[in-house]
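Q:
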Amino acid sequence: MDSAYNENLPQTEKRDWSEFYPFARKCNPPDMPEALGLGVELTMFVDASHATNLVTRQSRTGVSIYVNKAPIIWSSKKQNSIETSSFGSEVMALNTGVELLEGLSYKLQMMGVPIEGYCHTCVDNMSVVNNTSVPESVLKKKSNSIAYHYVRSKCAQDILRIASENTKTNLADILTKVQVGVTKKAFRDRIIFPGD
Amino acid sequence: MCCHPIIVFLNSLNGDEFGDYAGRKAIIKMALYGIKSAGYSWRSFPARILCEELNFIPCRADMDVWRRAARKKNGNRYYEYLFVYTDDIIAISEDPKRILDVMNEHFLLKEDAIEEPTRYLGATISKHLMDGDSYYTWAIGSKEYLIESLRVVKHRITPLNLTLKSKVTSALPSGYKPELDSSDYLDDDTTILYMQLIGILRWLVELGRIDICVEVSMMSSYNCMPRVTHLYAVLHIFLIYRQIRNGK
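Those protein sequence lines, which keep their order, are chains A and B.
The first sequence maps to residues 1 to 196 in the working numbering.
The second sequence maps to residues 197 to 444 in the working numbering.
1. Should the region 98 to 106 of chain A be regarded as contacting the region 435 to 444 of chain B, the criterion being three or more beta carbon pairs within less than 8 angstroms?
2. Can you tell me whether F23/A is buried or exposed, with buried defined as 16 or more other CB within 10 angstroms of its CB?
3. Could you round the C-beta distance between E248/B and V298/B to whole angstroms and report it? I think they count as a contact, below 8 angstroms.
4. Taking A186/A as the reference, which of D407/B, D258/B, Y331/B and I396/B has the closest Cα?
5. Examine the Cβ distances between the region 64 to 76 of chain A and the region 123 to 132 of chain A and report whether three or more of them are shorter than 8 angstroms.
6. With DSSP as the reference, label S64/A as helix, strand or coil.
7. Who are the Cβ neighbours of K77/A in its own chain at under 8 angstroms, not counting the five residues just before and after it?
8. Which residue's Cα is closest to the Cα of Y148/A: M44/A, A172/A, T132/A and S85/A?
9. Listing by chain order, which chain B residues have their CB less than 8 angstroms from the CB of N53/A?
10. Less than 8 angstroms between the C-beta atoms of M44/A and T121/A, yes or no?
11. Is G318/B closer than 8 angstroms to Y341/B when the C-beta atoms are compared?
12. In the DSSP assignment, what residue or residues form a beta bridge with L38/A?
13. Could you tell me the boundaries of the beta strand (DSSP E) in which V261/B lies?
14. In terms of DSSP beta bridges, what is T121/A paired with?
15. Nearest to Y179/B by CA position, among L368/B, R294/B, S378/B and P254/B, is which residue?
16. According to DSSP, what are the bridge partners of V91/A?
17. In angstroms, rounded to a whole number, what distance separates the CA positions of M1/A and R25/A?
18. Excluding sequence positions up to five away, which residues of its chain have a Cβ less than 7 angstroms from the Cβ of S89/A?
19. Out of R190/A, S75/A and M32/A, point me to the one whose CA is closest to C508/B's CA.
20. Please identify the residue among S233/B, V261/B and Y332/B whose C-alpha is closest to the C-alpha of A243/B.
21. Using beta carbons (cut-off 8 angstroms, strictly below), is S237/B in contact with chain A?
22. Name the residues in the region 308 to 321 of chain B whose C-beta lies less than 9 angstroms from a C-beta of chain A; which are they?
23. Are three or more beta carbon pairs between the region 344 to 356 of chain B and the region 419 to 426 of chain B nearer than 8 angstroms?
24. Just the C-alpha distance for F303/B and W238/B, rounded to the nearest angstrom, thanks.
25. Rounding to the nearest angstrom, what Cα-Cα distance links K176/B and D384/B in this structure?
26. At the 8 angstroms Cβ level, is A265/B part of the contact set with chain A, yes or no?
27. Less than 8 angstroms between the C-beta atoms of I162/A and C155/A, yes or no?
28. Among all the DSSP beta bridges, which residues are the ones paired with Y332/B?
29. Quick check on R405/B: does DSSP put it in helix, strand or coil?
30. With DSSP collapsed to three states, give me the class of I288/B.
31. Counting contacts by CB-CB distance shorter than 8 angstroms, is A287/B in contact with chain A?
32. Within the 8 angstroms Cβ cut-off, does V178/A reach chain B?
33. For chain A, check one thing: does any of its Cβ atoms lie closer than 8 angstroms to the Cβ of G328/B?
34. Using a C-beta cutoff of 8 angstroms, does R188/A count as contacting chain B?
35. If you run the structure through DSSP and keep just helix, strand and coil, what is G86/A?
36. I'd like to check one pair, H324/B with T333/B: are the Cβ atoms closer than 8 angstroms?
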């Protein structure tokens with residue numbers, strides 16, 4: 001990401017990751033075409049429902065990625081690992097989300113679509129937000145450290161920034177739990193355009 | 197489309213009907229269905245036209261998306277795109293008809309085949325004027341696919357004489373946990389029906405029904421060995437859509 005973008009950010013969003021990931025650089029695809037036309041903004045919503053499978057206690061990952069205002073990728077998958085904490089399942093979900101995001105970014109770049117700024121990533125777990133957005137924070141748990149460092153290194157490469165989003169408004173919530181009634185309708189109305 | 201002679205090997209065709217010719221090379225003078233290289237021939241022909249005549253190049257990230265740098269009337273540079281799926285082509289440009297007219301010279305498209313898209317790969321394509329906008333916004337939807345899938349499902353389950361609820365309130369029965377289900381396993385024929393229903397639902401989600409993504413994902417886990425109640429749960433998802441379509 002160009003440093004000019006970082007300089008224009010408010011003070012609270014400026015982060016210096018160089019001390020922790022000194023070699024992190026954003027790498028564009030090698031034979032990427034020249035980006036033409038208007039740029040797009042990426043937004044990602046990530047959520048996990050911890051241990052919802054009553055037999056195996058596996059968690060479920062929900063990810064939805066928006067290009068401008070249009071949902072382009074949505075995914076709901078049972079996680080492979082069994083996590084002992086909601087923090088663990090959220091980090092693993094974020095890991096999956098960032099991998100999907102990298103794939104989409106590559107596709108857009110190879111199609112010549114300019115991507116503006118960072119991908120705004122919304123997570124509803126405050127521990128995850130702190131651990132992945134503040135360079136100085138360290139992970140107390142040894143588990144999940146791979147996913148933890150993976151996501152942090154992508155932040156250091158200026159691919160994304162993590163932000164907190166309330167569970168009630170996190171659009172990935174509908175991808176992790178079976179919602180009913182009014183809650184489901186509220187989410188559906190926000191995601192799907194009813195048409196005529 | 198491609199009438200170039202192709203050399204294929206008859207190594208696998210060593211039945212009695214080939215007699216002494218079994219295992220020999222053969223030259224095919226007419227393209228037939230089922231040749232392993234048919235897909236290659238089909239693809240290489242339009243690819244040559246798109247590259248040589250229209251100067252489009254395929255994107256490395258998705259070889260079915262072709263792009264060409266162009267200039268708008270206002271002078272801004274942009275990319276024109278072609279989405280090519282076998283014989284379905286969508287052109288995205290300020291003047292898409294100009295591109296398709298050139299293609300028409302080489303491919304002999306059907307009469308009136310060049311028009312604004314209304315369907316693509318089963319998806320309903322529509323355009324809407326949003327509040328406050330002076331331009332149209334394109335939308336992709338599952339309306340027609342949903343109507344057709346409801347008809348197919350009704351036809352497929354009629355012989356089973358299942359007793360289904362007339363009114364449902366959610367995509368899955370309230371509090372239903374498929375992992376705790378201990379009903380009998382389905383027989384082979386009904387298992388195939390279950391797989392088909394999951395296939396339809398997966399494509400519905402792909403076309404934009406994000407609201408049933410989690411339910412379909414949960415039920416897909418039991419695709420290879422579904423139980424009786426799993427089948428009812430999957431039909432439950434279709435019931436809620438039937439209800440919405442009927443305006444209840």
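All residues carry an ideal CB built from backbone N, CA and C; glycine is no exception.
A: Short version:
1. no
2. exposed
3. With 8 angstroms as the limit, E248/B and V298/B do not qualify as a contact, their Cβ atoms being about 12 angstroms apart.
4. D407/B
5. no
6. strand
7. Exclusion of the five residues before and after K77/A leaves R60, T61 and T96 as the residues of its chain whose Cβ lies within less than 8 angstroms of its Cβ.
8. T132/A
9. Chain B residues near N53/A: E375.
10. yes
11. With contacts defined as CB atoms closer than 8 angstroms, Y341/B and G318/B qualify as a contacting pair.
12. Its beta-bridge partners do not exist; DSSP assigns none.
13. Its beta strand (DSSP E) spans residues V261 to R267.
14. For T121/A, which the question treats as bridged, DSSP gives the partners M44/A and I162/A.
15. In the structure displayed, chain B extends from 197 to 444; residue 179/B sits before or after that span and is not available.
16. Partner(s): none; V91/A has no beta bridge.
17. Low per-residue confidence applies at M1/A: pLDDT is 40, beneath 50, and the placement is therefore not dependable enough to give any value.
18. In the same chain as S89/A, and ignoring 5 residues on each side of it, the C-beta atoms closer than 7 angstroms to its own belong to A48, H50, S59, Q79 and E83, in chain order.
19. Outside the shown range of chain B, which is 197 to 444, sits residue 508/B, and nothing can be said about it.
20. V261/B
21. no
22. T320
23. Touching, no, given that fewer than three Cβ pairs across the two stretches are closer than 8 angstroms.
24. 12 angstroms
25. As shown, chain B starts at 197 and ends at 444. That puts residue 176/B outside it, with no answer to give.
26. yes
27. Result yes, Cβ atoms of I162/A and C155/A sit closer than 8 angstroms.
28. L325/B
29. coil
30. strand
31. no
32. yes
33. Taking Cβ atoms only, chain A never reaches closer than 8 angstroms to G328/B, which makes this a no.
34. Judged by the 8 angstroms Cβ criterion, R188/A is in contact with chain B.
35. Reading off the sequence, residue 86/A comes out as Ser, not Gly. Residue state for S86/A is assigned as helix, using DSSP reduced to three classes.
36. Cβ distance < 8 angstroms, so T333/B and H324/B count as in contact.
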